[in-house]
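**Q** I have a structure I would like to understand better, so I am pasting it below and will then ask my questions one at a time.
Protein chains: 2
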Amino acid sequence: MRDIAIGVLSRETGVKVPTIRFYEEIGLMRAPARTGSNRRIYGDDDIRRLKFIRHARDLGFEVDDIRTLISLTERPQAPCAEADSIARRHLATVERRLAQLGALRDELARMVGDCCHGQVCDCRVIEVLADHGQCAGGHG
Amino acid sequence: MRDIAIGVLSRETGVKVPTIRFYEEIGLMRAPARTGSNRRIYGDDDIRRLKFIRHARDLGFEVDDIRTLISLTERPQAPCAEADSIARRHLATVERRLAQLGALRDELARMVGDCCHGQVCDCRVIEVLADHGQCAGGHG
DNA sequence: CCTACAATCTCCAGCGACTGGAGGATCAAG
DNA sequence: CTTGATCCTCCAGTCGCTGGAGATTGTAGG
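Protein chains in written order, with the numbering used here: chain B, 1 to 140; chain V, 1001 to 1140.
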């Protein structure tokens, strides 16, 4: 078990130092041991854990979900139904966002494409924004 | 010009009352006239403006961009190049997000699909999250 | 006219997920 | 011994809202 300083942990995981401390504060990372001069000492476990957290965040999982996922990794005999359902729920969210974003892109593309590059008073961009009726968008 | 109370404005635009006040605070909505008893009085212009704001927010434009777009609508003779460039920039952002989210969906779908619904120790969801190498994800 | 109750007002704290600065202590290298 | 990097804690700010407290005002019914 190497002794890893927070800066090294940061470099190895790509998570900024203040963010690591923040993760400790909110209980995603456990409070590590300290040196005599009060500096945090991490080990390889912490690198793994932080990479897990970071990866999950990159995938857009919320902190609460990550907390659950981590507690699952600590009970490896537990059925994985819960992990599965978190992932499924998240997948559904992502697919919803994807659909919304696709519609949004189409609308933006149309706005930009139709713009005759003249004056604002004739600008499709402004017009589309001003007239809600032109768009099929939901939101949420 | 009807006299419209903030609650009516809220109902007509789908923007919550505190949000309207917030928009006033940050200068998206102008400060309206008041009644003798200090209540905000809006007009039809304000409905239009708030709908514009809401629509732009729904489309994911940031408040700063909306501020610019609004100031453009108030100079209708100005060339629309700026509105166009804001929309283009936003379109590019949306397309980037869309691509990322697509990759994310694929990864999540794979995670969920590969999960054998057994124990956590064999769970693909957990495994994929733990092993960053398995994923092609960038982030930002 | 009185009573409810709804709507409004201001102020301010909180959300999520960080980010970064101030001001001080400590460490490693030259 | 000095320099500069790193670390510490604390706290305020980011963005775009959201909602509660506590006071006031408007409106409808009895």
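All C-beta atoms, glycine included, are put in the ideal place defined by N, C-alpha and C.
Residue 1047(V): which of 1127(V), 1102(V), 1002(V) sits nearest, CA to CA?
**A** What you label residue 1047(V) is simply residue 47 of the second sequence in a count that begins at 1. Closest option to residue 1047(V), Cα to Cα, is 1002(V).
**Q** Interface residues of chain B around residue 1111(V) at Cβ under 7 Å?
**A** Numbered from its first residue, the second sequence carries residue 1111(V) at position 111. Within chain B, the residues near residue 1111(V) are 87.
**Q** Strictly below 9 Å CB to CB, what residues from chain B border residue 1126(V)?
**A** As a position in the second sequence, residue 1126(V) is number 126, starting the count at 1. Near residue 1126(V) (Cβ distances below 9 Å), the residues of chain B are 52, 69, 72, 73, 76, 80, 83.
**Q** My guess is that residue 1067(V) and residue 1028(V) are in contact by the Cβ rule of under 8 Å, so how many angstroms apart are they, rounded?
**A** Translated into the one-based positions of the second sequence, residue 1067(V) becomes position 67. Translated into the one-based positions of the second sequence, residue 1028(V) becomes position 28. So it is a contact: roughly 7 Å between Cβ atoms.
**Q** Between the segment 1096–1104 of chain V and the segment 1068–1085 of chain V, do three or more beta carbon pairs fall short of 8 Å?
**A** Contact between the segment 1096–1104 of chain V and the segment 1068–1085 of chain V is absent, because fewer than three Cβ pairs lie under 8 Å.
**Q** Looking at C-alpha atoms only, which residue of 42(B), 107(B), 35(B) is the closest neighbour of residue 141(B)?
**A** With chain B covering 1 to 140 only, the question about residue 141(B) has no answer from this structure.
**Q** At least one CB of chain B closer than 8 Å to the CB of residue 1012(V): is that the case?
**A** The residue given as residue 1012(V) occupies position 12 in the second sequence. For residue 1012(V), the answer is no, since every Cβ of chain B falls outside 8 Å of its Cβ.
**Q** Look up residue 1119(V) in the DSSP assignment and give the residues it is bridged to.
**A** Within the second sequence, the letter at position 119 stands for residue 1119(V). Note: residue 1119(V) sits in a beta bridge opposite 79(B).
**Q** For a contact meaning CB atoms closer than 7 Å, what does residue 27(B) contact in chain V?
**A** By one-based count along the first sequence, residue 27(B) stands at place 27. Neighbours of residue 27(B) on chain V: none; closest Cβ ~18 Å, over 7 Å.
**Q** Please decide whether residue 1009(V) counts as near chain B, where near means a Cβ-Cβ distance under 8 Å.
**A** In the second sequence, the residue the question calls residue 1009(V) occupies position 9. No, its Cβ sits nowhere closer than 8 Å to a Cβ of chain B.
**Q** Please report how far the alpha carbon of residue 1011(V) lies from the alpha carbon of residue 15(B), in whole angstroms.
**A** Position 11 of the second sequence, counted from the first residue, corresponds to residue 1011(V). Position 15 of the first sequence, counted from the first residue, corresponds to residue 15(B). Approximately 43 Å, taken between the alpha carbons.
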